[in-house]
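Sequential numbering of the sequence shown, starting at 1, is according to the working numbering. Beneath this line is the structure, given in structure tokens, with notes to follow.
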Amino acid sequence: MADLLSIAGNSVKTNQSALAVIGNNIANADTDGYVRQELDIRENLPTRAGTVFLGTGALSSGVKRAYDSLVESSLRSSFSDLRSQAPIIDYTNRVVDLLGGENASLTPALDNFFNSFRDLGLDASSEL
1 MADLLSIAGN SVKTNQSALA VIGNNIANAD TDGYVRQELD IRENLPTRAG TVFLGTGALS
61 SGVKRAYDSL VESSLRSSFS DLRSQAPIID YTNRVVDLLG GENASLTPAL DNFFNSFRDL
121 GLDASSEL
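This is how it looks when you write it as structure tokens:
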């Protein structure tokens, strides 16, 4: 009889813990950055009664973060790829800054160069 009461008591405690975790998940559902939690419930070790093993219920062994490991590893891989591309992006931005502006770039000089060839093609007798 005492074993039945201890199993029932453990069951009530485990269910109270589960309800607390559920309440916490509901309360923080709209919170940015909150990750859902799950209660980790494990079985108690059975007791031996003669030649038979009797179950002794379950206990909560802790709260853990609920996440998808495949998505987590994909996200980490993407961040790693992004970090490896950062130097290339930095150097590309430097080249764009050097060559891309209207006043401090090669664009006006190249425009003048090709316009001179166009003018020469239109008037071959010109002394450019």
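For glycine and all other residues, C-beta sits at the position ideal for the given N, C-alpha and C. Everything numeric in this text was worked out from a predicted model, so none of it was measured.
Taking the straight line between their C-alpha atoms, what separation do you get for aspartate 111 and leucine 120? 14 Å
Just to confirm my understanding: we take aspartate 3, look at its own chain, exclude 5 residues before and 5 after, and list those with CB closer than 8 Å. What are they? Thr47, Leu54, Thr56
Inspect the beta-carbon positions of serine 60 and isoleucine 41 and report whether they are closer than 8 Å. yes
Starting from leucine 39 and walking both ways along the beta strand (DSSP E), at which residues does that stretch end? 37-43
Who are glycine 62's beta bridge partners in DSSP? Asp40
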